[in-house]
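In our numbering, the protein residues as written are 322 to 1200.
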Amino acid sequence: MRISRGGLRLATAVATLVALIAVTLAGAATTHLPSGAELTVTITAPAGGTTLAQVPFTVSGQASVGAGLPIKNTLLLTVIDVSGSTVNSVPGATCGNQNIHDATPNTILDCELLAAKALNVRAITQGTVRSVGVLGFGGAGSSSGSANDAFAADLDRGAPYVSLIAPETSTGPSGQDVDEVISSAGLGGTPGSTFPSGGNGFSKFTLKEVPAGTNYWAAVYQARILAASVSSAVYTSKIVVMLSDGDSTSGGPGGAPALQAFTAPVSGDPTRPRFFTFAIGAFAHCSTGSVFGDLQDIAGASGGTCREISNPNDAAAVIQGAIASQLTAVRVSVDGGVPAAATVTPTLPQTGPATVNWTFPVPALAEGAHTICATSSGSDGGGTGTTPEECITVTVKAPPTVDAGADRTTAEGSPVTMDGSITGGTGTWASSGGTGTCTPADPSSPTTQVTCNDDGVYTLTYTGTDSVGQSASDSATITVTNVAPTPTLTLSAGPHPLAGTVTASVAIADPGSADTQTCSIAWGDATTTTGCGGSHSYAAAGSYTVTVTATDDDGDSGTASKDVSIDGPPVVNAGGARTGLEGALIALGGSVTDDGSTTNTWSAAPGSGVDAGATCVFTNASAPSTTVRCTDDGTWTLTLRADDGVNPPVSDTIELTLVNAAPTIAIAGPPAGASALTVVLTSNVADAGTNDVLTCSIAWGDSSSSAGTVSGGVCSASHTYAAGTVAAVVTATVSDDDGASSSASRSFTFNRAPSCTGVSSSLTELWPPNHALRLIVLGGATDPDGDALTYTVTSVRQDEPLNGTGDGDTSPDAQLGAPGTVWLRAERAGGGDGRVYTVGYRVSDGNASCTGSVRITVPHSAKSGAVLTPGPGYNSLGY
């Protein structure tokens, strides 16, 4: 493709701006070498603004050439010798066949063409070449040549003829256009050549040819013309690489030597390009002394170099160096001093693109701010260059000043205050020596309190460190004396029984926490044990003082004591054996003695002869001296138990022997003189042995007897006597299950009840009905025994209301009189059928009685009687 000059200028400006931005962001010092390769240097360590210790340190960084964004500011012209001598083969060469017009490989021309192609590749990859041109040269073979002995090849596939293009231009299928032109070189006069004419030159894209000789003047002149066609404002670097295998065989007009080609007038930009010449082949040399000039003359006149390549195989690799960038030096200065070379890895020079690491040793500097600067130098085909200084400022800090203070003396576990000091940093305490440890309350404070946990001599070192890691130390000693341990004795909680054990535990306070202690315990009864704890049993009750002695590993001791009371068991005496009667209160004379209070309990266990279910009840079962009552005869075991709450309970027993008690009986009823021949007899029975089983029997006194029923303490039975029985003696007997019995008798005289069949009233009719009260007397009852009889009026009722119409309206209508009498009112209702009084009575002989009633009437008129009105009637007594 074709690139305009304006486009090239814009691209260059953009590339330069991008490169500048990249440099600014990277923080590096950057420049570009004359041919556009970027040259940089950076300081990576230490960082700017860093504060450093006052010790030697190393500055490090990187430098590079050709690694950054290049500037496309270079014009590269490759001048190729196509003289007839280049047809010669090179023994051992491996250049291959580089042109399209012959089949012969490894000729001088092949090696030149291979080198030209490699140079174009380098131009592309290096990125600094804006445009390239390819020139061929030969010569007429006479001393006087012309400008036509050299030409600029056409590099454009289409019209018009273009001599300069970008190196990467590719408009066809065969790669870069420059390579196509280079591959079209040919020597027309050699056997087998297909070059289209008899001369030598290039067949693409426009056929150009020259004679088979060698004319350096023409080559230089044509290169100057092509270089002058572009502005040095855009192409700040113009480089010509000239390849040849021998001497110039002709000169310019009139035989002018090659050097005069530099002064021949050309139109356009007057800037002289820089020539790098190469003598290729074993017989080619830079300096030949030829009258037409040599390759050294050309290089020297333009500020370039000439290099001899005796082995053409090396041409492809060597010729690239003509436009290559190189990093040649890195230098460092401190505080404006003379820059000195840094140590670079890999070593210099390095061909770009290349990046190296560098280091520079800096001795310990005075306290304060210091400036460190670095530069890098390099070269390319356009010349040499050096970056601006890349500088950093660092501050050097002197080490801190530390004073640990005066030596100290203290007791273990007691803090002591240090009087250290520090300037220029922060510090921390550390201890050494002794057999324990010393611990500062504030490890960073130079005036902190320090506590040591064991006696001995300790070194306390205060080390100060500043912000950059510098440190300084100073030490003081602490002499620590021992402190005796303080034991605390704890005894198991009391009360303590005589049969039990007392447990002791010991807590030891020792300000020397690193100390170890041993213990002995004196129990107060001439017994001593070892160990910081243990158990002990006492042989006798009483009070004892327990003392513990704690001794540390430095031989100092401390003691502690506590009193302990050993409680003895109670002494129990249940008294002597006892005898008595069942059911009776038996006195018990027990006793309990103890050094404290006790809980006492009597209990009874049945033994021989005691029936099941029998019990004993104590008047006060918790009193050693008390009484007991048992419900059955036999042998009982009585136990008095005492418990003091500390020792196991203590007991004592006695034997209680009880004999049987006869049951008792008393006749409760009926009373003597029962009125009926059928007698229901009840007798109260009892037995002091409440657990005994009772039975009863009754002899009725008439030669008959029967068994009674005992329930609830009562014996019950009934009997009917024969009629006419006037008296009888009844005997009741109660027996227990132990064979004892008791009897009771009662005499009965049997009373016969009176008869009320003959009872009548003194009046049976009340007339006239004058409302007056009339006395009614009852009589006529009889008694078979002739007993005196007593009459009692039990009720008076009438068949008319007490106050009714036409009866005089007087009430009450009856009043009780003397026993067996009653007053009745003589009145009746005027409109009724007469009044009927019914008087109820009871007749008693004092033991038995009979009852009945009589009627007394008040007629309605003298001619007619009274008629009883059915119904319950009315209470004549008014209540």
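Don't be surprised by glycine CBs; every beta carbon is placed ideally from N, CA and C.
Run through the DSSP bridge pairs and tell me what residue i is partnered with.
i	result
Q497	According to DSSP, which records beta bridges pairwise, Q497 is partnered with nothing at all.
A1048	T1070
T492	DSSP output for T492 lists no bridge partner at all.
Q1119	Y1158, Y1195
A471	F458
W844	DSSP output for W844 lists no bridge partner at all.
V1179	R1156
G746	Beta-bridge pairing links G746 to no other residue.
I546	Looking at the DSSP assignment, I546 forms no beta bridge with any residue, so it has no partner.
E711	A695
R1146	L1094
N521	L508, V531
E976	T958
R652	A662, T696
V801	T731, G777
T515	For T515, which the question treats as bridged, DSSP gives no partner whatsoever.
F770	For the record, residue 770 in the displayed sequence is Gln; it is not Phe. Answer by DSSP bridge pairing, in chain order: T738.
How about residue i and residue j: are their beta carbons less than 7 Å apart?
i	j	result
A1135	S1197	yes
G518	G509	A quick correction: the sequence has Ser, not Gly, at residue 518. Their beta carbons are under 7 Å apart, which means S518 touches G509 by this criterion.
G459	A473	no
A544	L456	yes
V1001	G1034	no
T1202	A751	Here the chain covers residues 322 to 1200 and nothing more, so residue 1202 does not appear.
S553	T592	yes
S410	S571	no
D1154	V1175	no
T824	S813	yes
V403	N536	no
A661	V376	no
D973	V893	yes
G1101	S1081	yes
A540	A471	yes
Can you find the residues in the same chain that come closer than 7 Å, C-beta to C-beta, to residue i, ignoring five residues on each side of it along the sequence?
i	result
A1183	W1088
P1191	none
P670	Q647, L648, T649
V778	G754, G755, T798, T800
M322	The predicted model places M322 with a pLDDT of 29, which falls under 50 and marks its position as unreliable; any figure quoted below should be read in that light. So the list reads T490, T492, once near-sequence residues are dropped.
A343	Since pLDDT at A343 reaches only 34, below the 50 mark, its modelled position is unreliable, and no value is offered.
Once you ignore the five residues that flank residue i on each side, which residues in its own chain have a CB closer than 6 Å to its CB?
i	result
R1073	P1105, D1106
A925	C937, W957, L959
W923	F939, A942, L961
L979	G901, E903, C951, D954
C416	N427, D431, C432, L435
T557	N394
Exposed or buried, what is residue i when buried is set at 16 or more other beta-carbons lying within 10 Å of its beta-carbon?
i	result
A941	The question names Ala, yet the displayed sequence has Asn at residue 941. N941 is exposed by the Cβ-count criterion.
D795	buried
D656	exposed
N774	buried
T786	buried
A830	exposed
G699	buried
T351	buried
G327	Low confidence applies here, because G327 scores a pLDDT of 33, under 50, leaving its location unreliable and the question unanswered by this model.
L1096	exposed
T395	buried
V659	exposed
S505	buried
A420	Residue 420 is actually Asn in this sequence, not Ala. N420 is buried by the Cβ-count criterion.
T345	Below a pLDDT of 50, predicted positions are generally treated as unreliable, and T345, at 35, falls in that range; no measurement from the model is reported.
Only counting the same chain, and skipping five residues up and downstream in sequence, which positions put a Cβ closer than 8 Å to that of residue i?
i	result
S1207	The chain is shown from 322 up to 1200; residue 1207 falls before or after that span and cannot be answered.
P1193	R1118
A828	P808, T809, T811
Is there at least one Cβ from chain B nearer than 7 Å to residue i's Cβ?
i	result
G507	Within the model displayed, chain B is absent; a lone protein chain is all it includes.
Where in the segment 548-635 do unbroken runs of the beta strand (DSSP E), each at least 3 residues long, occur, reported from the N-terminal end onward? 558-565, 595-601, 627-630
Report the residue ranges of all beta strand (DSSP E) runs contained in full by the segment 347-385; include only those spanning at least 3 residues, in chain order. 350-353, 359-366, 372-374
Which ranges would you report for the beta strand (DSSP E) in the segment 877-948 if only whole runs of at least 3 residues count? 878-888, 892-894, 899-902, 907-910, 912-914, 920-927, 937-939
In chain order, what are the residue ranges of uninterrupted alpha helix (DSSP H) at least 4 long that sit wholly in the segment 657-700? none
Could I get the ranges of all uninterrupted beta strand (DSSP E) runs contained in the segment 375-438, with 3 residues as the minimum, in chain order? 378-386, 395-402
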